[in-house]
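**Student:** Take this structure first; my questions come after.
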Amino acid sequence: MQEFSNSMYKTSEQHKETTKARICRDSKDMETILSFFRDRNPFDSTETKLRNIESGVTADESANPECALAIGKKYIARNVWNTAKQIYLQTFAASSSNERKVLCKIR
Numbered sequence: 011m012q013e014f015s016n017s018m019y020k021t022s023e024q025h026k027e028t029t030k031a032r033i034c035r036d037s038k039d040m041e042t043i044l045s046f047f048r049d050r051n052p053f054d055s056t057e058t059k060l061r062n063i064e065s066g067v068t069a070d071e072s073a074n075p076e077c078a079l080a081i082g083k084k085y086i087a088r089n090v091w092n093t094a095k096q097i098y099l100q101t102f103a104a105s106s107s108n109e110r111k112v113l114c115k116i117r
């Protein structure tokens, strides 16, 4: 069929993840990650306090990781949702004094 139609059938690489450049880059990235964790082992059994693996800052005694989800939800409810409810839509009045007037309050 190829001879009859004067065309060639060829395949190309189907998966870019299998190219030599991609494999080399992935290997370098993996070594970077492993090096990071060698220097900042988050699974150090001698460390008993909560510690940020990037900065190395150790949490004080008041930090309670068991309550982190509840504390986070309370923070968002207090600082995000309540603030959003209190937003005022404002505009400049067309008066000569150009005072800002509150049109409505989002409830």
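11 is the number of the first residue of the sequence shown in the numbering used here; add one for each residue after it. For every residue, glycine included, the Cβ atom is placed at its ideal position computed from N, Cα and C. Since we're looking at a predicted model, the values are computed, not measured.
1) How close, in whole Å, do the beta carbons of Leu-60 and Ala-73 come, if the pair is a contact with beta carbons under 8 Å?
2) For Thr-58, does the three-state DSSP call read helix, strand or coil?
3) Output the boundary residues of the alpha helix (DSSP H) element that contains Thr-42.
4) Return the residue from the list Arg-48, Thr-58 and Lys-83 that minimises the CA-CA distance to Glu-71.
5) What residue does the alpha helix (DSSP H) around Gln-12 start on, and which one ends it?
**Tutor:** The short version:
1) 5 Å
2) coil
3) 30-49
4) Thr-58
5) 12-15
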